[in-house]
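In the numbering used here, the protein residues as written are 0 to 514. As structure tokens, the structure follows; a few thoughts come after it.
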Amino acid sequence: MISIKIWTMNKLHEAVYVKSDNPDHEGNPLIEALPRLNNIKDYFRYCATNSIHTREEAIEKPYHIRRDYLNQLQKDFVLPNYGIWDVYQMIVNALFTSYSSRNPIKENTTEKVIKDYRDLLQIRDLTTKVAVSNSCSLFGISGIGKTTAVNLATSTFPKAILHKNLDCENFIQIPIVKVECPKDGSIKDLCRFFFIELDKILGDSTYEDDYCKKNDSESDRVNALSKLVLKHHIGIIIVDEIQHLDAQKSGGEKRMLRFFLNLDNTLGIPIMLVGTRDGIAIFKDDDKLIRRFTASGFLEWNPKPEDGEWKRFIQRLFIYQYTDEKADDNIDWPRLFYHYSQGIYSRAFQIFKIAHHLAFDYNKEKFTVSLINQVIRERLYIDEPLFEIKRKDKIKERNYNFPLEEIDYTDYRSIEVKNKLVEKKISSNIFKGKVTKTLERNKELSAQEIADKIILDLTSKPEKTKTVSKKKDINEEEEVLAANTFANLFCEDKDETYQKVKEFGDIFEFEKFRL
């Protein structure tokens with residue numbers, strides 16, 4: 000089993016070389032100084048290495064400390080799955096392939112490519128060059144865990160490695176640099192973000208001050224970036240929030256993409272693009288660009304289905320209940336959280352976290368369905384309509400766990416009340432109009448209390464009228480209910496009809512149906 004280590008920023012790690020199993024990598028210090036988790040079990044074990052506080056620790060602390068623990072949980076919580084393993088493998092493959100052709104001992108890499116770095120801003124079509132691209136892409140909806148997966152993968156590598164006592168000059172290797180795409184699509188700003196990130200990694204460098212002058216040009220910054228890529232033997236550059244390019248709609252996205260391609264082609268530095276699904280539009284049906292930026296892998300993450308993996312995610316999350324008592328096990332929490340989050344991890348965690356805050360604020364001992372509904376109703380109501388649209392779309396496609404008729408329900412409590420009424424063998428044609436109204440008028444009541452109240456309203460006997468000449472009157476609503484009930488109970492077989500009516504004898508008087 001490979002030893003797992005947590006690497007930190009602002010710390011220079013002296014190289015420790017481990018002979019590679021791959022003969023092609025033997026003697027390459029850029030590769031032999033990098034740890035690698037080749038086994039999925041080792042990687043999952045690494046994912047579980049964190050500073051999350053247990054429930055036992057948390058409940059011994061006051062509420063304000065538990066809030067801090069929730070923030071730490073939000074930062075470190077992850078469910079090991081094949082998706083994050085795929086991201087790790089994609090980054091590792093691009094990184095090691097990049098280094099396989101760059102050995103500072105065998106050749107002077109700087110002299111080999113220094114003559115080309117000034118061409119990085121050229122707009123000519125470099126996608127037709129023979130050079131093999133190692134770039135890759137990860138796209139998906141917001142909140143699905145893309146950035147978390149990327150950060151987890153990159154955290155397995157030292158941020159900066161000091162190489163010395165080799166048959167070359169001492170140097171500092173920076174395997175991975177991750178920057179955010181500028182919102183204005185500016186290459187100058189991208190270079191600035193790059194310098195800032197290097198300063199964070201090294202701790203004592205001043206690259207931003209050195210290379211970002213008041214009147215400098217785009218070309219000046221690009222040349223500086225190129226020199227630093229070579230100086231620090233950078234293995235891969237990850238550009239997050241790439242959808243910012245498409246948001247500009249200025250045409251500059253093509254120029255930025257070609258700049259990335261030139262980095263790949265000229266300096267041999269693979270680029271990983273990360274962004275929302277909107278970011279895919281930057282390729283604009285350009286087959287050459289698509290091929291180049293998916294050469295080393297392409298992943299697209301959509302909302303998670305309500306399957307076993309989702310259930311494991313919620314069950315694992317509920318291990319870290321920091322409330323005074325644990326939630327009841329007889330409630331289908333994965334189903335409830337899926338209903339409100341529609342398979343988006345960040346939304347589910349947001350509900351989980353805010354539910355804790357409300358429990359702390361109102362001295363609630365544990366999670367309840369009404370507490371989760373309160374979170375949606377009072378704290379997350381702004382974007383709830385968007386999730387309701389997603390639910391309705393799934394219902395129309397018959398791809399939802401609730402029946403098709405539930406399309407008229409906009410609140411999980413309504414569904415819970417409906418289920419309790421159905422358990423009492425009451426037809427939905429009777430109570431459908433009453434559920435929403437009763438919920439609106441009695442928000443403080445539980446689902447069971449709401450169901451009991453509706454049953455009481457339906458079964459209450461009408462008052463007798465003082466008119467002697469008429470038969471015992473039934474109010475208009477009761478007449479409709481009676482007719483509907485009889486229609487639902489009637490069968491061709493008389494004995495079966497009698498049996499069904501008898502079962503409802505404590506609710507409706509059979510005398511009313513006699514002719």
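Glycine included, C-beta positions come from ideal geometry on N, C-alpha and C.
Do you know how far the Cα of residue j is from the Cα of residue i?
i, j, result
"residue 160", "residue 262", "22 Å"
"residue 19", "residue 35", "10 Å"
"residue 14", "residue 158", "12 Å"
"residue 330", "residue 193", "49 Å"
"residue 85", "residue 67", "31 Å"
"residue 455", "residue 62", "41 Å"
"residue 311", "residue 324", "21 Å"
"residue 151", "residue 446", "41 Å"
"residue 187", "residue 360", "47 Å"
"residue 101", "residue 95", "10 Å"
"residue 472", "residue 457", "At residue 472, the pLDDT of 47 sits below 50, so the modelled position is not reliable and the matter cannot be decided from this model."
"residue 56", "residue 78", "21 Å"
"residue 59", "residue 373", "26 Å"
"residue 44", "residue 223", "39 Å"
"residue 278", "residue 425", "50 Å"
"residue 133", "residue 229", "17 Å"
"residue 322", "residue 365", "6 Å"
"residue 505", "residue 436", "At residue 505, the pLDDT of 43 sits below 50, so the modelled position is not reliable; the number obtained from the coordinates is stated separately. Roughly 25 Å separates the two Cα atoms."
"residue 52", "residue 163", "40 Å"
"residue 362", "residue 326", "14 Å"
"residue 69", "residue 352", "7 Å"
"residue 306", "residue 337", "10 Å"
"residue 24", "residue 299", "31 Å"
Please identify the residue among the options whose C-alpha is closest to the C-alpha of residue i.
i, options, result
"residue 211", "204, 203 and 220", "220"
"residue 140", "274, 459, 254 and 333", "274"
"residue 438", "416, 287, 193 and 455", "416"
"residue 81", "341, 133 and 38", "38"
"residue 89", "328, 374 and 292", "292"
"residue 42", "196, 229 and 91", "91"
"residue 452", "172, 419 and 363", "419"
"residue 340", "313, 132 and 427", "313"
"residue 76", "374, 387 and 347", "347"
"residue 155", "356, 260, 48 and 281", "48"
"residue 283", "260, 253 and 299", "253"
"residue 11", "144, 183, 204 and 27", "204"
"residue 189", "169, 149, 251 and 174", "251"
From which residue to which residue does the beta strand (DSSP E) around residue i run?
i, result
"residue 179", "175-179"
"residue 239", "235-239"
"residue 172", "170-172"
"residue 136", "135-139"
"residue 55", "Unbroken run through residue 55 is the alpha helix (DSSP H), 54-57; no beta strand (DSSP E)."
If you follow the alpha helix (DSSP H) that residue i is part of, which residue opens it and which one closes it?
i, result
"residue 30", "28-31"
"residue 207", "206-210"
"residue 149", "145-153"
"residue 142", "No alpha helix (DSSP H) contains residue 142, which DSSP labels as neither H nor E."
"residue 160", "First-last for residue 160: 160-162, but that is the beta strand (DSSP E), not the alpha helix (DSSP H)."
"residue 41", "39-46"
Do residue j and residue i come within 8 Å of each other at the CB atom, strictly closer than that value?
i, j, result
"residue 354", "residue 370", "yes"
"residue 333", "residue 97", "no"
"residue 93", "residue 225", "no"
"residue 136", "residue 258", "no"
"residue 176", "residue 236", "yes"
"residue 232", "residue 385", "no"
"residue 434", "residue 413", "yes"
"residue 523", "residue 198", "The structure shown does not extend to residue 523, since the chain spans only 0 to 514, so no value can be given for it."
"residue 50", "residue 71", "yes"
"residue 104", "residue 201", "no"
"residue 180", "residue 227", "no"
"residue 142", "residue 381", "no"
"residue 54", "residue 320", "yes"
Let me see if you follow: with CB-CB separation under 8 Å, is residue i close to chain E or not?
i, result
"residue 17", "Reference to chain E is not applicable here, since this structure consists of a single protein chain."
Notebook entry, point to check: Taking the runs of the alpha helix (DSSP H) that are 4 residues or longer, which of them lie wholly in the stretch 68-96?
Noted result: Whole alpha helix (DSSP H) segments, 4+ residues: zero.
Next item on the list: List in chain order: all unbroken alpha helix (DSSP H) runs of 4+ residues lying wholly within the stretch 330-360.
Entry: Runs of the alpha helix (DSSP H) spanning 4 or more residues and lying entirely within the stretch 330-360 occur at 332-340 and 344-360, in chain order.
Margin query: What ranges does the beta strand (DSSP E) occupy inside the stretch 267-334, keeping only unbroken runs of at least 3 residues that lie completely in it?
Written below: Counting whole runs of 3 or more residues, the stretch 267-334 contains the beta strand (DSSP E) stretches 270-274 and 297-300.
Next item on the list: Return the chain-ordered ranges of every beta strand (DSSP E) run that is complete within the stretch 412-456 and spans a minimum of 3 residues.
Entry: Correct list: empty.
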